[in-house]
Every structure is written in structure tokens, then in C-alpha cells.
Amino acid sequence: MKTKGLFWGCFFVVFGLLFLGRNMGWLAIDWDYLKDFWPVLLILAGINLILERRNSQLVLVTTLLLGIIAPVALFSFLNRDRDFGRYEYHLGDDNYDDGEDDREAEEDENDTFRSDNGKVHENVFVETMSADTREAKLRFEGGAGHFVIGETSTDLIKAETKQSFGTYKMEVERDPTTRTPTIVLTPNEGNVKIKDGELKNKVNVSLNPNPVWDIDIDMGAGEGDFDLSAFQVKQVSIDAGAADVDLKLGDKAAQTDVKVSAGVASVVIRVPAQVGCRIEKDGALNINELEDFQNTGNGVYVSPEYDKATKKINIRFEGGISRFKVERY
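So in this note's numbering, spot 212 of the sequence shown is number 621, and the numbers just go up one at a time.
Right, dumping it as C-alpha cells:
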């Protein structure tokens, strides 16, 4: 029973109709509300797999539903990010007095920033490098925006942030025994109200190439450009929502373990050709591009002569509705 063509046919028809409706002004929908129902896709995908294994005629129904709901979910994420251009950012309780709180907010630039005129706040966070630092951990949370890691630094870390709402904060704690620093870079807590304005949220991180790095990235919607080829990376974990992620790895470490969890996303991972690579993927509605890898079954792919490689990269990918590509360079 061929259902793949039915799914993609429905997907592109519905997706095209949604964009046409938006461009013609036919749609007046709270997309932020609809995004909370994305787990329905996982439920339908599971039911679809069960019915397909049983060769049930009902698989046509679930496939048709997936072909309709999947583009609606993707469109809701894309359209929500398009609306981020209108906002007001503030800290504290949602039930606040506009006038009083706005005046208080303007008095303390370190706690909050309200932008109605497109003004951008720029900040630089630096942690100096210690001679006894052999390993380091980075925990980064970004929300919606453009996030870059790639440049090297003589400092342990240098983070440059540009945002038209809110502020970031960076905290560093060192293990008293190993002296391993854990760097936590996150936005200050707050919430965003839709209002006239323009959103800008960009973070550019430079790292010292000497320590062995353990990196954990949590981002929502937006774009992530992570070139880690110059660093010794022991572990990297990326949790992305509706995002475009480009991750480049090098051969500095004997083994690198990668875990990527994505919702509605495009994920491209680049690995050195001389490094053995093993991929384990999970996700029923993914477009996979793994041309240079051998399928060994059960969602596992390996590069040629993986077992003989002296250096290895192990990738675990879990996706909702995603494009997933691994290429060797």
C-alpha cells in the first residue's frame, strides 16, 4: 500500500493553500494557540505506523490526516515567527499595570528593556581563561533568534549579544575538585507581548580551543550556525523547535557524541571524511539525506569502515517534521 505519495501530495497542496491564504489576507488565526497541539502529529504518526504494519485500509485515513495537519503545524511555527516583529518585553507578573511598570522598567536597563523604536542593546560577556582549565561546559539557551558559535578566543568564552528586547546573563561556576567551569548563558526571565516594533536577537559566541568542550544548546525558533570544527568537542546536544540548524564538527577529539532533538526544523551536520560516523535516527516524518552512509537497519547508518576508524562521531537524531542531512567534507 503506497501512502508516501498521498502524504506528500496533501502536504504540498495544503502548504501552498496556507501561503496563498496568508498572502491574500484570508487567514485570521491565532497561530500561537495552534502550536500547542503539535503532539497530535506524533500520535497520528504512531497510529499510522501501527496500521501500516497491519496492512489496514485505515492507513489511508491517517496518512491523509497527517498530510493535512503536518503543513498546518509547520505553517503555524513559521507564521508565529513572522509575527515576532510586534512585541513588548517586560519582567514580572503578567497582570501588571502598563504605565507604572513601563516607567519602572526604563529605570533599570540591567533588568529589562522595552523597544518601541527598534533600538538594539549590545552586550559583551567575557570569562578569562585559567591555566588549570582542561575541560569546560557550555549551557546556552536562546529562544528565538540567530545564534552563532565558531570563532576562537584567547579567553575561555566571549559572548556578544544584540537584542531589541530583554537582556542576557552569563554565570560561571567551577567544580571545586576538578576546576571544570560550567558556563550558563541565558536570557533574563520575562515575557513578550505583541506590539509594534522590530525583533532582533543575535548571539555570537567565541570559545577557547584548548579545553575539551561539553556543549548543550536549547533554542526555539530561528537560525543556528555552529562551526565547532576548531574545538575539541566531547559532547554536543542541540534541542531546537522551528529552526534552521547548521552544525560543523572537526576531528580534534577522539570521540564526539552528538544528540539533536528537533521539532519542525532543517538540520545539516557536517563531519570530516576521515572520521568514522554512526547515525541513529528516530522520526516518522523526516526527509533524510544520508547519501554517503550505509543503512544497517533499525534507523542506524554508518560511514564506510566505521569500525576501523581511530576517531569517531556518533549522532543521535530525533525529529518531528524535519529535514535531516549529514554530509562528509
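Cβ atoms here follow ideal geometry from the backbone N, Cα and C, with glycine treated the same way.
Predicted model, so just to flag it, every value in this text is computed and none were measured.
Note to self: Checking 9 Å against the spacing of the C-beta atoms, do L469 and L453 come in under that value?
What the structure shows: no
Next item on the list: State whether the stretch 665-673 contacts the stretch 566-575, with contact taken as three or more CB pairs (one from each stretch) at a distance under 8 Å.
Entry: no
Next item on the list: Within its chain, find whatever has a CB closer than 6 Å to the CB of V593; leave out the 5 residues flanking it on each side and keep chain order.
Entry: R548 and E580
Checklist line | Integer-rounded CB distance, given that D634 should sit under 8 Å from V557 | finding: 5 Å
Notebook entry, point to check: For K657, which of helix, strand or coil comes out of DSSP?
Noted result: strand
Check: Mind checking if A568 is an interface residue toward chain D, Cβ cutoff 9 Å exclusive?
Finding: In summary, chain D is missing from the structure at hand, where a single protein chain is found.
Notebook entry, point to check: Roughly how many whole angstroms lie between the Cα atoms of I730 and N695?
Noted result: 5 Å
Check: What are the boundary residues of the beta strand (DSSP E) that M766 is part of?
Finding: Because the chain here runs from 410 to 738, residue 766 falls outside it and cannot be looked at.
Check: According to the neighbour-count rule (16 or more other Cβ atoms, all chains shown, within 10 Å of its Cβ), is K398 buried or exposed?
Finding: In the structure as shown, the chain begins at 410 and stops at 738. Residue 398 is therefore absent and cannot be evaluated.
Note to self: Assuming G728 and A671 are in contact, meaning their beta carbons sit under 8 Å apart, how far apart are those beta carbons, in whole angstroms?
What the structure shows: 5 Å
Next item on the list: Could you check how far apart the C-beta atoms of K690 and F640 are, in whole angstroms? I think they sit under 8 Å.
Entry: About 25 Å separates the two Cβ atoms, so there is no contact after all.
Next item on the list: Name, in chain order, the residues that DSSP records as bridge partners for A646.
Entry: Sequence inspection shows Ser at residue 646; the Ala mentioned does not correspond to that position. Note: S646 sits in a beta bridge opposite D625 and K668.
Item checked: 9 Å Cβ cutoff met for V680 and S646 -> no
Notebook entry, point to check: For K528, which of E544, R543 and Q572 has the nearest alpha-carbon?
Noted result: Q572
Check: How should F421 be labelled, buried or exposed, when 16 other C-beta atoms within 10 angstroms of its C-beta is the threshold for buried?
Finding: exposed
Next item on the list: Let me know if P590 comes out buried or exposed under the rule of 16 or more other beta-carbons within 10 Å of its beta-carbon.
Entry: buried
Margin query: Checking the sheet assignment: what are the DSSP bridge partners for Y577?
Written below: P596
Notebook entry, point to check: In its own chain, which residues sit with a C-beta less than 7 Å from the C-beta of V684, not counting the 5 before and 5 after it?
Noted result: D660, A718, K720, K721 and I722
Next item on the list: Check whether the Cβ atoms of V642 and V621 lie closer than 9 Å to each other.
Entry: yes
Item checked: For L467 and V636, the rounded distance between their alpha carbons -> What sits at residue 636 in the sequence shown is Asp, not Val. One C-alpha to the other measures close to 45 Å.
Notebook entry, point to check: Secondary structure at G494, three-state DSSP: helix, strand or coil?
Noted result: The predicted model places G494 with a pLDDT of 41, which falls under 50 and marks its position as unreliable; any figure quoted below should be read in that light. Here G494 sits in helix by DSSP.
Margin query: Taking the alpha-carbon of F416 as reference, which of L429, L460, T471 and L427 has the nearest alpha-carbon?
Written below: T471
Next item on the list: Would you tell me roughly how many angstroms separate the C-alpha atoms of K609 and E714, rounded to the nearest one?
Entry: 45 Å
Check: Cα separation between V423 and V481?
Finding: 8 Å
Checklist line | Pairwise C-alpha distance: G552 and G708 | finding: 30 Å
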